[in-house]
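Numbering (the UniProt record's numbering), first residue to last: 1 to 864.
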């Protein structure tokens, strides 16, 4: 049995793991039909114990463990079962790369799917969602559990069905956008999601930390103002860094100097750049940000004459996503590309508040311990480190620091040359497309073959193939970022994937550019076997390996299955032989070309080496011109190097230097944590308002009898206006406004109303309101039965949406200027909360009064 780490959170589950193993031994004797029946039996047991999932955990985990073995032939490690228990208990499981997180997620997903409220497994991109969905479909076919998939390519008409499945694989952005769209729906049939119950977040640090800096926003287009963007771009080109503006790289902001302000005013022929009625300051600052802080082939690429954002954390392109507040348009102006319409926020939510909607939440990743405090304080999820199945023996060598960037890249290229000569596979992690291509050009000059994986479409298309090859002998792989790639680098290669690619190449003539040392199919199979394979050219290449696992049971496909097994056996032998050779060379060598803002992202890169107890090495090559040194104080180190007269080509390797870098990274992590915390605190204010609005909206949407809501709104309006009436010394104008707003025909004069007591006036107005509304209802029902209900729902939803969108804009402006209150010794957050409360009350009052006014004054003529 595996010796687990000796500390309580891990040790206490040993008994449960043994219990699961014992039950799974019994299940091995079950037929496929009996195993499938287990799902039904467990659902009955769950009902009998009042849906307490902990009671059936051992049986459920043993059942899915057996299903995994029958479908893909793998027996789960004890640490994987342990990971499943940790996830079920609403924790974050930190599991190293190559430990099988994809399978671990299936354990708690199956257990919680038995409740019948839906389970979401959330991934960072479409590729991972589709890959994991296919695997889950295969496994859960043994257990009578339905699996759904939602990506950006899923038709909206199918989404309701996909969300209705027992377990749904989905990307984080699609989840958020669907939530916002559901809360903008004008018909209950258009709602695609169920109430959020249980979520497992894959790459939890990437989603809940990295992407949580910016909220999810659904936008509508507004008027395009080309001339403002273009003129701002011309002004920006006339301004010089330091003299006219200062760049704050730390906060990614630009500040105009006094001289810069006066030049802008002169060029724009205006007297005051900061005049409240002048639009220019926003456009000038965005143009400067586009010029200095948002760089081509780092932050974005140009594809089909459009600006496409590159995700700084995953290195992937973000099709269809745009920067808000006019920044995207400023970049379009900078690149001389057609300027698209500016966006207006229709609905928004932060990732923090989106995921806190789940009743149960957990996550998994290879790197989360450095952010444990944030996970605990915001999401109430502790991080528990799961021990590796085999001890990690990777060597993380000290950083090498060069004075100049040129010397650094020269050393990296020479290191790649040395590794290629020895045959040791090497992975180089870069921070931008530009830097990855720079190294690629250097390697070309040295005549070293390489694979390049960055955000450019031609490279993204070969992603899976490149990653699979990265563990082979002589492989040199350059990648912009390895976070969330989802494919392990297996030393010697993945025999199953190699078999698939080789069959694909044989059947469809695709050139996979595989290393020449991998045998071709023609060298392995006999002529007769090649003919049988060609006869099956209609097979879907992507499902080939899954299909062949079932062919053995069918006589007509037995030959095909045997051919597949023959190829797999041959490639498996070749891969194992090559793996042994690579391990003797030291395993995978990972080179980092720059320290990231977070230690966690560096650890993700390092974690690609040393998988499942393999040997491996990692090292970072740095220069004093790297961003982290420049922004966070590399000047003291540079002065030291000058004093010691250290040559550019000689690196410094020191523990003090490494500690200094770690300290700088901690500062950056703390800085970004403060940004996320502030975003969360401010959004928490609007989140409570959002919940109230969405709850009211949902109630109206699902209601078949909205008359009560209209009457309630009207009575509230009468109450509120009578309070103002009393506050203004019984001003008769307010009584006239009430009567006008409600459109009621009073049988008594205003003078008589003035003489009444307040309660009498209130009773009278409520009575007249109901009479007027009854008459209106009779009138509209005669025109068309049910028309009044449709009209009520239309006006209610229309005005709630309109008012909420205007409220979001006001709250955004409030957040921008509230910071200035700190100069008056006031806490901006408290001031924001107070102002937000008043804005919300005003919005609710506006909604009620507008809806009543529209409904009471509606006059419809029906064409016959």
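Virtual Cβ for every residue (Gly too), placed ideally from N, Cα, C.
All of these numbers come straight from a predicted model, not from anything done at the bench.
Using DSSP with H/G/I as helix, E/B as strand and the rest coil, what is residue i?
i           : result
residue 306 : strand
residue 705 : coil
residue 361 : strand
residue 489 : coil
residue 477 : strand
residue 244 : coil
residue 561 : helix
residue 269 : coil
residue 653 : coil
residue 13  : coil
residue 596 : coil
residue 858 : coil
residue 803 : helix
residue 602 : helix
residue 74  : coil
residue 274 : coil
residue 185 : coil
residue 885 : Within the shown structure, residues of the chain are numbered from 1 to 864, placing residue 885 beyond reach of any answer.
residue 32  : helix
Which residue's Cα is closest to the Cα of residue i: the options?
i           : options            : result
residue 419 : 443, 38, 431       : 443
residue 473 : 455, 463, 449, 720 : 449
residue 151 : 389, 136, 31, 178  : 178
residue 662 : 629, 692, 674      : 629
residue 284 : 775, 264, 681      : 264
residue 304 : 290, 319, 294, 293 : 319
residue 902 : 120, 135, 521      : There is no way to answer for residue 902, as the model of the chain reaches only from 1 to 864.
residue 599 : 776, 210, 674, 270 : 210
residue 75  : 88, 87, 61         : 61
residue 391 : 67, 79, 36         : 79
residue 883 : 126, 68, 376       : Since the first residue of the chain shown is 1 and the last is 864, residue 883 is not available in this structure.
Compute the distance between the beta-carbons of residue i and residue j, then report whether it is under 8 Å.
i           : j           : result
residue 317 : residue 268 : no
residue 207 : residue 109 : no
residue 499 : residue 567 : yes
residue 203 : residue 431 : no
residue 217 : residue 690 : no
residue 84  : residue 114 : no
residue 588 : residue 489 : yes
residue 424 : residue 650 : no
residue 454 : residue 433 : yes
residue 852 : residue 741 : yes
residue 848 : residue 763 : no
residue 592 : residue 617 : no
residue 82  : residue 17  : yes
Roughly how many whole angstroms lie between the Cα atoms of residue i and residue j?
i           : j           : result
residue 837 : residue 803 : 15 Å
residue 518 : residue 569 : 13 Å
residue 920 : residue 792 : Missing from the structure shown is residue 920; the chain here goes from 1 to 864 and no further.
residue 832 : residue 840 : 12 Å
residue 386 : residue 240 : 52 Å
residue 806 : residue 846 : 11 Å
residue 627 : residue 669 : 15 Å
residue 491 : residue 238 : 54 Å
residue 702 : residue 355 : 24 Å
residue 233 : residue 478 : 35 Å
residue 782 : residue 157 : 35 Å
residue 257 : residue 414 : 44 Å
residue 752 : residue 716 : 23 Å
residue 212 : residue 676 : 7 Å
residue 811 : residue 286 : 21 Å
residue 555 : residue 44  : With a pLDDT of only 42 at residue 555, under 50, the local geometry of the prediction cannot be trusted, and the value read off the model is given with reservation. Answer to the nearest angstrom: the Cα atoms are 38 Å apart.
residue 66  : residue 36  : 11 Å
residue 550 : residue 20  : Bear in mind that the predicted position of residue 550 carries a pLDDT of just 44, short of 50, making it unreliable; the figure below should be weighed with that in mind. If you take the alpha carbons of residue 550 and residue 20, they lie about 28 Å apart.
Less than 8 Å between the CB atoms is what I'm expecting for residue i and residue j, so what's the real figure, rounded?
i           : j           : result
residue 134 : residue 146 : Not really, about 14 Å apart at Cβ, beyond 8 Å.
residue 38  : residue 15  : Actually they are not in contact, since the Cβ atoms of residue 38 and residue 15 sit about 22 Å apart, beyond 8 Å.
residue 683 : residue 373 : Contact flag wrong, Cβ pair sits at about 19 Å.
residue 696 : residue 800 : 7 Å
residue 794 : residue 183 : The Cβ separation is near 17 Å, so there is no contact.
residue 53  : residue 90  : Contact doesn't hold; Cβ gap of about 11 Å is too wide.
Within the 8 Å Cβ cut-off, does residue i reach chain B?
i           : result
residue 770 : Any reference to chain B falls outside this structure, which holds one protein chain only.
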